[in-house]
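A.B. asks:
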Amino acid sequence: GFDFDTPLNKITAAAKEALLNGTGKEKLDVEYAQASGRSVTYKHRFEGLMSMLKRYYNETTSNQIRDWVESFMTTSVCKECGGGRLRKESLAVRLVDAATGERWNIHDVVRKSIFDARDLFGHITLTPRQTEIARQVLKEIVQRLDFLLNVGLEYLSLERSARSLSGGEGQRIRLATQIGTQLVGVLYILDEPSIGLHQRDNIKLIKSLKSLRDLGNTVIVVEHDKEMIESADYVVDLGPGAGEHGGHVVTSGTVEDLLENSGKMKRVNRVTNAGGNGFPDSLTAEYLRGSRSIPIPDDRRTGSGKYLTLKGAQGNNLQKVDLKLPLGTLVCITGVSGSGKSTLINETLYPILSRELYESRVVPLPFASIDGLKHIDKVIDIDQTPIGRTPRSNPATYTGVFTLIRDLFTQLPESAIRGYKAGRFSFNVKGGRCENCEGDGVKKIEMNFLPDVYVLCDVCNGKRYNRETLEVRFKGKSIADVLDMTVEESSALFQDLPRIHRHVKTLLDVGLGYIRLGQQATTLSGGEAQRVKLATELTKVGTGKTLYILDEPTTGLHFEDIRMLLDVLNKLVDKGNTVIVIEHNLDVIKTSDWIVDLGPEGGDKGGQIVAVGTPEDVALNARSYTGAFLNATLGERPGEEEKGVRIKNKGGRVKKH
Numbered sequence: 009g010f011d012f013d014t015p016l017n018k019i020t021a022a023a024k025e026a027l028l029n030g031t032g033k034e035k036l037d038v039e040y041a042q043a044s045g046r047s048v049t050y051k052h053r054f055e056g057l058m059s060m061l062k063r064y065y066n067e068t069t070s071n072q073i074r075d076w077v078e079s080f081m082t083t084s085v086c087k088e089c090g091g092g093r094l095r096k097e098s099l100a101v102r103l104v105d106a107a108t109g110e111r112w113n114i115h116d117v118v119r120k121s122i123f124d125a126r127d128l129f130g131h132i133t134l135t136p137r138q139t140e141i142a143r144q145v146l147k148e149i150v151q152r153l154d155f156l157l158n159v160g161l162e163y164l165s166l167e168r169s170a171r172s173l174s175g176g177e178g179q180r181i182r183l184a185t186q187i188g189t190q191l192v193g194v195l196y197i198l199d200e201p202s203i204g205l206h207q208r209d210n211i212k213l214i215k216s217l218k219s220l221r222d223l224g225n226t227v228i229v230v231e232h233d234k235e236m237i238e239s240a241d242y243v244v245d246l247g248p249g250a251g252e253h254g255g256h257v258v259t260s261g262t263v264e265d266l267l268e269n270s271g272k273m274k275r276v277n278r279v280t281n282a283g284g285n286g287f288p289d290s291l292t293a294e295y296l297r298g299s300r301s302i303p304i305p306d307d308r309r310t311g312s313g314k315y316l317t318l319k320g321a322q323g324n325n326l327q328k329v330d331l332k333l334p335l336g337t338l339v340c341i342t343g344v345s346g347s348g349k350s351t352l353i354n355e356t357l358y359p360i361l362s363r364e365l366y367e368s369r370v371v372p373l374p375f376a377s378i379d380g381l382k383h384i385d386k387v388i389d390i391d392q393t394p395i396g397r398t399p400r401s402n403p404a405t406y407t408g409v410f411t412l413i414r415d416l417f418t419q420l421p422e423s424a425i426r427g428y429k430a431g432r433f434s435f436n437v438k439g440g441r442c443e444n445c446e447g448d449g450v451k452k453i454e455m456n457f458l459p460d461v462y463v464l465c466d467v468c469n470g471k472r473y474n475r476e477t478l479e480v481r482f483k484g485k486s487i488a489d490v491l492d493m494t495v496e497e498s499s500a501l502f503q504d505l506p507r508i509h510r511h512v513k514t515l516l517d518v519g520l521g522y523i524r525l526g527q528q529a530t531t532l533s534g535g536e537a538q539r540v541k542l543a544t545e546l547t548k549v550g551t552g553k554t555l556y557i558l559d560e561p562t563t564g565l566h567f568e569d570i571r572m573l574l575d576v577l578n579k580l581v582d583k584g585n586t587v588i589v590i591e592h593n594l595d596v597i598k599t600s601d602w603i604v605d606l607g608p609e610g611g612d613k614g615g616q617i618v619a620v621g622t623p624e625d626v627a628l629n630a631r632s633y634t635g636a637f638l639n640a641t642l643g644e645r646p647g648e649e650e651k652g653v654r655i656k657n658k659g660g661r662v663k664k665h
């Protein structure tokens, strides 16, 4: 026998079998302890841990439990079909090239990338009889593969699982499908189709959208990409700012109208329909015109002189890549779509560091060795996932400033008289919160077969607290009033309280002055959630040995938002930390200290490091697609020939490059 304290290696094979797969028909004595202190013994069959986990997974409606069970699962290739998904009889049917004699079954074909499949079906030689039969089928196959190639998806394999696709990839597949239908008179709406696209592939995407237009359709694109905006026939620019500072059409018309007449439209009063003062100049127009831009830094950091070195990374399409990262710098990982960027950083480097620093169970993809771990004490992946999934989660609670605000209200004279403690101002525990909505401010209505609907609480009207709690005020504001303030307003309110103001100021610095402190996390965009996380990191007192990883942080960001994002990233690096950014945006790439460019292509033709160095070094690399676009961007810098670029070394001296 064994108990819960017995080490696994001391349990017999038979006991392990029973533990994992159950006892079958055999019943075990199970002792239950009752509340009275007595114990009762019953006989039960034990189903086994494996069966128990399967049952939980199949029967639960909780995503949390399903995620927990999935942490014990791994994916392996079926031994019977070798991943072919079909019976042997089906896999025995083969396509034969009459000229070369090469043979492929359907599994061989779907394992190919879209590029290779197009090459196969475009050049296969068939007998005259086979050609007559297959002509129309081949034409349709080639045409559909061409549509996928034209939206920059040549690196995907035909058998790629749909759930493994990024949002941008899924959207471009649907776009290719629509182009293939040849419909006319349709209104298409696309939300940031350029997500995850390299500049080279972005040009292909724009051509595809224009082909949809030329068929007689209307295409509406919500986009921040400069090339996409400049390619549009008509532009509608909203603003002038974000949140409460936006919501107006600043200007609309052709790109030429945007550049020439921006800021001349009159604000129209929504109630009286009377004209008002003109809007300030459109930020979009200023960046397109070049009167406002993200500057190329004069100084490029060389870091602390220490390195993190990963050798022999060979997961997915990586070809035994050796990666050497200078610590204490802003590093950009670039390359065409599918070149292996996420595989190298998110699926290899990050899991390695998580296992070493936090004993994480995430398994990294294959690699040979890693060196330099002693120079890092934390690794943080700052992504665009929500900061919370319930109405109680908000920027104030996530950043920790709400704890300080509650302490402030606890110290007020009125609270002292009433004996209120910090828990009184929490909406997570009973006492001061509204019990009708349990501190949510809203009531959830479950809809069968539809997403849940939230309605304002009819008792507290969204204030979260009961009447007695709301009677305690700071400068005339109740705690509900504070949560309903924008970050800008709260910055002014708490300017004399350094600890609170420091937290609020960081939210202001990352460009989130328009959001409310108590705004529900579920209403924040991915970009806003990411900047809340960045602001939280800025308030922490670090050791200067943290490694931050961001995967395409510019998703959903305007030029001005990107400028503020870069300011934040540079502040993190200036503290001695290392920031790794996987990015296609040239404004981010050109301001980085170090670039690692993967490629040269995507899929099987990628997985190599093509170029390494400063942006100026990579711009001169003839093999790098990123370098070609970067060369044009760096060439726009005024006075480049005379000034050169200064590289700041760790000794603080500056050298010409």
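Okay, so the sequence shown: first residue is 9 according to the working numbering, each after it adds one.
Positions of the beta carbon are idealized from the N, C-alpha and C atoms, including for glycine.
Keep in mind it's a predicted model, so treat the numbers as computed, not measured.
Cβ of residue 120 within 8 Å of Cβ of residue 166?
C.D. replies: In this structure, residue 120 lies near residue 166, with their beta-carbon atoms less than 8 Å apart.
A.B. asks: From residue 630 to residue 612, what does the alpha carbon distance come to, in whole angstroms?
C.D. replies: Each residue's Cα considered, the two are about 20 Å apart.
A.B. asks: In terms of residue numbering, what span does the beta strand (DSSP E) encompassing residue 332 cover?
C.D. replies: 329-334
A.B. asks: From this set, 268, 536, 521, which residue's C-alpha is nearest residue 396's C-alpha?
C.D. replies: Considering only alpha carbons, the answer is 536.
A.B. asks: Can you have a look at residue 471 and say buried or exposed, based on whether 16 or more other CB atoms are within 10 angstroms of its CB?
C.D. replies: Answer is buried; the Cβ neighbour count reaches 16.
A.B. asks: Please report the distance separating the alpha-carbon of residue 128 from that of residue 185.
C.D. replies: Going by C-alpha positions, residue 128 is about 21 Å away from residue 185.
A.B. asks: Using the Cβ count rule (16 or more neighbours within 10 Å means buried), how would you classify residue 453?
C.D. replies: Classification for residue 453: exposed.
A.B. asks: Give the secondary structure of residue 165 by DSSP, where H, G and I count as helix, E and B as strand, and everything else as coil.
C.D. replies: strand
A.B. asks: Which ranges would you report for the beta strand (DSSP E) in the segment 399-475 if only whole runs of at least 3 residues count?
C.D. replies: Those beta strand (DSSP E) runs which fall completely within the segment 399-475 and span 3+ residues are 450-453, 461-464.
A.B. asks: Going by DSSP in three states, residue 189 sits in which element: helix, strand or coil?
C.D. replies: helix
A.B. asks: With which residues is residue 64 paired in a DSSP beta bridge?
C.D. replies: Its beta-bridge partners do not exist; DSSP assigns none.
A.B. asks: Here's the rule I'm using: 16 or more other beta-carbon atoms within 10 Å means buried, otherwise exposed. How should residue 136 be labelled?
C.D. replies: exposed
A.B. asks: Among the residues of its own chain, which have a CB less than 7 Å from the CB of residue 134, if the five just before and after it don't count?
C.D. replies: 106, 142
A.B. asks: My assumption, with CB atoms under 8 Å, is that residue 449 sits in contact with residue 468. Please give the rounded CB distance.
C.D. replies: Correct: roughly 7 Å between the Cβ atoms.
A.B. asks: Smallest Cα separation from residue 487: which of 404, 504, 615, 517?
C.D. replies: Ranking the options by Cα distance to residue 487, first place goes to 404.
A.B. asks: With DSSP as the reference, label residue 42 as helix, strand or coil.
C.D. replies: coil
A.B. asks: Between which two residues does the beta strand (DSSP E) containing residue 616 stretch?
C.D. replies: 616-621
A.B. asks: Helix, strand or coil for residue 243? Go by DSSP, reduced to three states.
C.D. replies: Annotated three-state conformation of residue 243 is strand, per DSSP.
A.B. asks: Can you have a look at residue 40 and say buried or exposed, based on whether 16 or more other CB atoms are within 10 angstroms of its CB?
C.D. replies: exposed
A.B. asks: Looking only at DSSP bridge pairs, what is residue 49 linked to?
C.D. replies: 39
A.B. asks: DSSP beta-bridge partners for residue 103?
C.D. replies: 112
A.B. asks: Consult DSSP for residue 562 and reduce its assignment to one of helix, strand or coil.
C.D. replies: coil
A.B. asks: Taking the straight line between their C-alpha atoms, what separation do you get for residue 54 and residue 63?
C.D. replies: 13 Å
A.B. asks: Considering Cα atoms alone, identify which of 458, 506, 439, 462 is closest to residue 475.
C.D. replies: 439
A.B. asks: Taking residue 666 as the reference, give the member of 177, 138, 525, 150 with the closest Cα.
C.D. replies: No information on residue 666 is available, as it lies outside the stretch 9 to 665 that the chain covers here.
A.B. asks: For residue 348 versus residue 614, is the C-beta spacing smaller than 8 Å?
C.D. replies: Their beta carbons are under 8 Å apart, which means residue 348 touches residue 614 by this criterion.
A.B. asks: Quick one: measure Cβ to Cβ for residue 559 and residue 354, integer angstroms, because I've assumed they're closer than 8 Å.
C.D. replies: That pair is a contact at about 6 Å.
A.B. asks: For the candidate residues 101, 144, 139, 156, whose alpha-carbon lies nearest to that of residue 124?
C.D. replies: 156
A.B. asks: Quick one: grab the DSSP three-state call for residue 637.
C.D. replies: helix
A.B. asks: Which partner residues does residue 199 have in the DSSP bridge list?
C.D. replies: DSSP lists 230 as partners of residue 199.
A.B. asks: With distances taken from CA atoms, which of 378, 294, 293 is nearest residue 328?
C.D. replies: 378
A.B. asks: Do you know how far the Cα of residue 317 is from the Cα of residue 621?
C.D. replies: Going by C-alpha positions, residue 621 is about 15 Å away from residue 317.
A.B. asks: Can the beta-carbon of residue 331 be found closer than 8 Å to that of residue 352?
C.D. replies: Between residue 331 and residue 352, the C-beta spacing is below 8 Å.
A.B. asks: Does residue 197 pass the burial test, meaning 16 or more other C-beta atoms within 10 Å, or should it be called exposed?
C.D. replies: exposed
A.B. asks: State buried or exposed for residue 601, treating a residue as buried only when at least 16 other CB atoms are found within 10 Å of its CB.
C.D. replies: Under this definition residue 601 is a buried residue.
A.B. asks: Tell me whether residue 299 is buried or exposed, calling it buried when 16 or more other Cβ atoms sit within 10 Å of its Cβ.
C.D. replies: exposed
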